[in-house]
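J.: Dropping the structure in here first, questions after.
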Amino acid sequence: DKWETCDGRMEVVTPGQEIRSEAGFLRGHGTYVWKGKLIASVAGIVQRVNKLVSVVPLKSRYGGQVGDVVVGRVVEVGQKRWNLDIGAAQSAVLMLSSVNLPEGEHRRRTYEDQLNMRTLFVEGDLVSAEIHQFFQDGSISVHTRSSKYGKLQNGMLIEVPAYLIRRAKQHFQQLGELQVFLIIASNGYIWITHVLPPEAGEAGDMDELEKLGGGRPASEEDMKCLCRVRNSILALAKYHLEIFSTSILDTYESSLKLDIELSSMLDDDLSEKITESARARRDASLRTVVED
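Numbering (UniProt numbering), first residue to last: 1 to 292.
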């Protein structure tokens, strides 16, 4: 089947399937030309950049693009750098020169800064960052220079396939009226927390959100809310549905309306019910393609 929609939604193709394209197209990865037609060589999602048409495999390591917001786990502290697992083929590199120093100092990094690297991040820490550039060997360089990036604490990490994440201008989001804040990272790592940082100001002003974490301890109700959001995300991933704030909130609210227990949300029959809204949205998009 082929799913094509507007606004960044997905067009899925299988090997050997013709990809609808305009005259003068450029062949990208995952495609080949046969008798003047563009054909998919892998099962995946069609990606179009101007006239360049590529197919991103459904199961693959995260490739990344400059400017992507990512969440990664520190796997090694090296010389002037941290190596992060972001789900890519190679570890991403966070250079000492690419982080904010304590108290926001702006100066050249010194040997003393190298000795104190473990006061910033150690193995196992979760870090939000932005892709800065690619090195010649294909590895990814990230930075945390903005105050909204940095170490993540007092929350929950969920891993889903990166292709399910809808690209958006804002990846730091409050979930509706809930006191739940998310980083829906482009690499498929989703961080959720109940904390509103004191520096964030108004709850709806996502541009002011800084490092998520710290603050008051989570109450029992906070944890139940976070777990319900977590299960909502996993239910969407179970049916290969796009994950963004609206689809998460719809699934969350459906589980409440149906009075489904937390422990039962991922049961086959119940998870199908709570994702009906997301599946209806996908099916409506598919019907639009067929009618066109």
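By construction, the Cβ of each residue, glycine as well, lies at the ideal position given by its N, Cα and C atoms.
1) Taking 8 Å as the threshold (C-beta atoms), are Thr31 and Ala40 in contact?
2) From which residue to which residue does the alpha helix (DSSP H) around Leu256 run?
3) Could you compute how far the alpha carbon of Leu209 sits from the alpha carbon of Gly150?
4) Put Ser54 into one of helix, strand or coil per three-state DSSP.
5) Which residue comes first and which comes last in the alpha helix (DSSP H) that contains Ile233?
6) Report yes if the C-beta distance between Asn83 and Val93 is below 8 Å; otherwise report no.
7) Between the region 103-120 and the region 153-162, do three or more beta carbon pairs fall short of 8 Å?
8) According to DSSP, simplified to helix, strand and coil, what is Met10?
9) Tell me, to the nearest whole angstrom, how far the beta carbon of Thr251 is from that of Leu236; I am working on the premise that it is less than 8 Å.
10) Rounded to whole angstroms, how far is the Cβ of Ser277 from the Cβ of Ser255, which I believe are closer than 8 Å?
11) Locate the beta strand (DSSP E) running through Asp269, then write down its first and last residues.
12) Can you tell me the Cβ-Cβ gap for His29 and Ser60, rounded? I've got them flagged as a contact below 8 Å.
13) Residues in the same chain with beta-carbon distance under 6 Å from Asp292, minus the five sequence neighbours each way, listed in chain order, please.
14) State the start and end residues of the unbroken beta strand (DSSP E) segment that holds Ile85.
15) May I ask which residues mark the beginning and end of the alpha helix (DSSP H) holding Leu175?
16) Under a Cβ-count criterion, where at least 16 other Cβ atoms within 10 Å of its own Cβ denotes burial, should Trp191 be classed as buried or exposed?
17) Run through DSSP, which three-state label would Leu241 get?
18) Compute the Euclidean distance between the alpha carbons of Gln114 and Phe135, then round it to the nearest angstrom.
19) Under 8 Å by Cβ, that's how I've got Ser98 and His171 pegged, so tell me the actual separation to the nearest angstrom.
20) Which residues share a DSSP beta bridge with Met156?
21) Which ranges does the alpha helix (DSSP H) cover as unbroken runs of at least 4 residues, wholly within the UniProt domain "S1 motif" (65-145), from first to last along the chain?
22) Would you identify the three-state DSSP class for Arg279, choosing helix, strand or coil?
23) My guess is that Ser139 and His132 are in contact by the Cβ rule of under 8 Å, so how many angstroms apart are they, rounded?
24) How would you write the range of the beta strand (DSSP E) that Ile19 sits in, first residue to last?
T.: The structure says:
1) yes
2) Ser245 to Lys257
3) Per-residue confidence for Leu209 stands at a pLDDT of 46, beneath the threshold of 50, marking its modelled position as unreliable; no derived number is given.
4) strand
5) It spans Glu220 to Lys238 - the alpha helix (DSSP H) in which Ile233 sits, taken as one unbroken run.
6) Against a cut-off of 8 Å, the Cβ pair of Val93 and Asn83 comes out as a contact.
7) no
8) In this structure, DSSP gives Met10 a state outside helix and strand, which the three-state scheme calls coil.
9) 6 Å
10) Cβ-Cβ separation between Ser277 and Ser255: approximately 11 Å, too far for a contact (criterion under 8 Å).
11) Not the beta strand (DSSP E): Asp269 falls in the alpha helix (DSSP H), residues Asp268 to Ile274.
12) Rounded, the Cβ-Cβ distance is 10 Å, inconsistent with contact.
13) Annotation note: pLDDT 49 at Asp292 (below 50); position unreliable, no value reported.
14) A quick correction: the sequence has Asp, not Ile, at residue 85. It spans Arg81 to Asp85 - the beta strand (DSSP E) in which Asp85 sits, taken as one unbroken run.
15) Note, Leu175: premise wrong, no alpha helix (DSSP H); not H, not E.
16) buried
17) coil
18) 22 Å
19) So it is not a contact: roughly 19 Å between Cβ atoms.
20) Ile192
21) Counting whole runs of 4 or more residues, the UniProt domain "S1 motif" (65-145) contains the alpha helix (DSSP H) stretches 111-115.
22) helix
23) Incorrect: roughly 12 Å between the Cβ atoms, too far for contact.
24) Segment: none, Ile19 is in no beta strand (DSSP E) and carries neither H nor E.
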